[in-house]
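Chemist: I'd like to ask you about the structure that follows.
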Amino acid sequence: MELLINNKKHTVEPYKDESLLSVLRNHLDLTGSKYGCGEGMCGACTVLVNGAAVRSCVTKAENAAGKNITTIEGLEKNGRLHAVQQAFLNVDVFQCAYCASGMIMSAVSLLEKNPKPSDEEIIRSMQGNICRCGTYPRIIKAIQQASTI
Numbered sequence: 011m012e013l014l015i016n017n018k019k020h021t022v023e024p025y026k027d028e029s030l031l032s033v034l035r036n037h038l039d040l041t042g043s044k045y046g047c048g049e050g051m052c053g054a055c056t057v058l059v060n061g062a063a064v065r066s067c068v069t070k071a072e073n074a075a076g077k078n079i080t081t082i083e084g085l086e087k088n089g090r091l092h093a094v095q096q097a098f099l100n101v102d103v104f105q106c107a108y109c110a111s112g113m114i115m116s117a118v119s120l121l122e123k124n125p126k127p128s129d130e131e132i133i134r135s136m137q138g139n140i141c142r143c144g145t146y147p148r149i150i151k152a153i154q155q156a157s158t159i
């Protein structure tokens, strides 16, 4: 099976019903997306599929074939961080950073659809992402900052 990940074609042979997250981490060594709950509820595994934020732990790899998949590793361009990544660093969002890639990917998806979201739109868009450190006010601030870059 062929997958287009971060603008590169990869040929993989996933197990029957193997998740996209498992293929990314175990077959392709793209470990930025994290395993959190395995049920699509925490958002740690979020990647973009054709620009939409999806939970890769509950997405079958075979369902991603022929689609454009972007992981956290694919955001930087020419050695420069994506505006959302830079804003999250500027605001010092994370304590443990386990949820970082999922939060950032969800924020990227939001800003691609809505470059100037209100606080309410940010909160609504990020509801599927859990941060056990509780840095939600800083996450909102970082997304606001990224929307001005």
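Position in the sequence shown counted from 1, then plus 10, gives you the numbering used here.
Glycine included, C-beta positions come from ideal geometry on N, C-alpha and C.
Determine the extent of the alpha helix (DSSP H) in which Leu99 is found, giving its start and end residues.
Modeler: Leu99 -> alpha helix (DSSP H) spans 93-100.
Chemist: Would you list the residues sitting across from Ala63 in a DSSP beta bridge?
Modeler: In the DSSP output, where bridge partners are listed per residue, Ala63 has Leu58.
Chemist: Does the distance between the C-beta of Arg35 and the nearest non-hydrogen atom of the ligand FMN fall short of 8 angstroms?
Modeler: Judged by which ligands are present, the structure shown has none, so any question about the ligand FMN falls away.
Chemist: Quick check on Ala62: buried or exposed, where buried means 16 or more other Cβ atoms within 10 Å of its Cβ?
Modeler: Looking at its Cβ environment, which holds fewer than 16 other Cβ atoms inside 10 Å, Ala62 is exposed.
Chemist: What did DSSP end up calling Ser116 once you bin it into helix, strand or coil?
Modeler: DSSP places Ser116 in helix when its eight states are reduced to three.
Chemist: Note down the Cα distance separating Leu14 from Glu130, rounded to an integer number of angstroms.
Modeler: About 33 angstroms.
Chemist: When you compare the CB of Ala54 with every CB in chain B, is at least one pair closer than 9 angstroms?
Modeler: Looking at the structure shown, chain B is missing, and only one protein chain is on hand.
Chemist: What residues are listed by DSSP as bridge partners for Ile149?
Modeler: Ile149 pairs with nothing; no bridge assigned.
Chemist: List the whole-angstrom C-beta distance separating Ser116 from Thr56, where the pair is believed to meet the contact cut-off of C-beta under 8 angstroms.
Modeler: So it is a contact: roughly 5 angstroms between Cβ atoms.
Chemist: Which same chain residues end up closer than 7 angstroms to Ile125 when comparing Cβ atoms and leaving out the 5 residues on each side of it in sequence?
Modeler: In the sequence as presented, Ile is not what sits at residue 125; that position holds Pro. Once the five neighbours on either side are set aside, the close Cβ partners of Pro125 are Ser157.
Chemist: Is the beta carbon of Asn36 closer than 9 angstroms to that of Asn78?
Modeler: It is not a contact, given that the beta carbons lie outside the stated cut-off.
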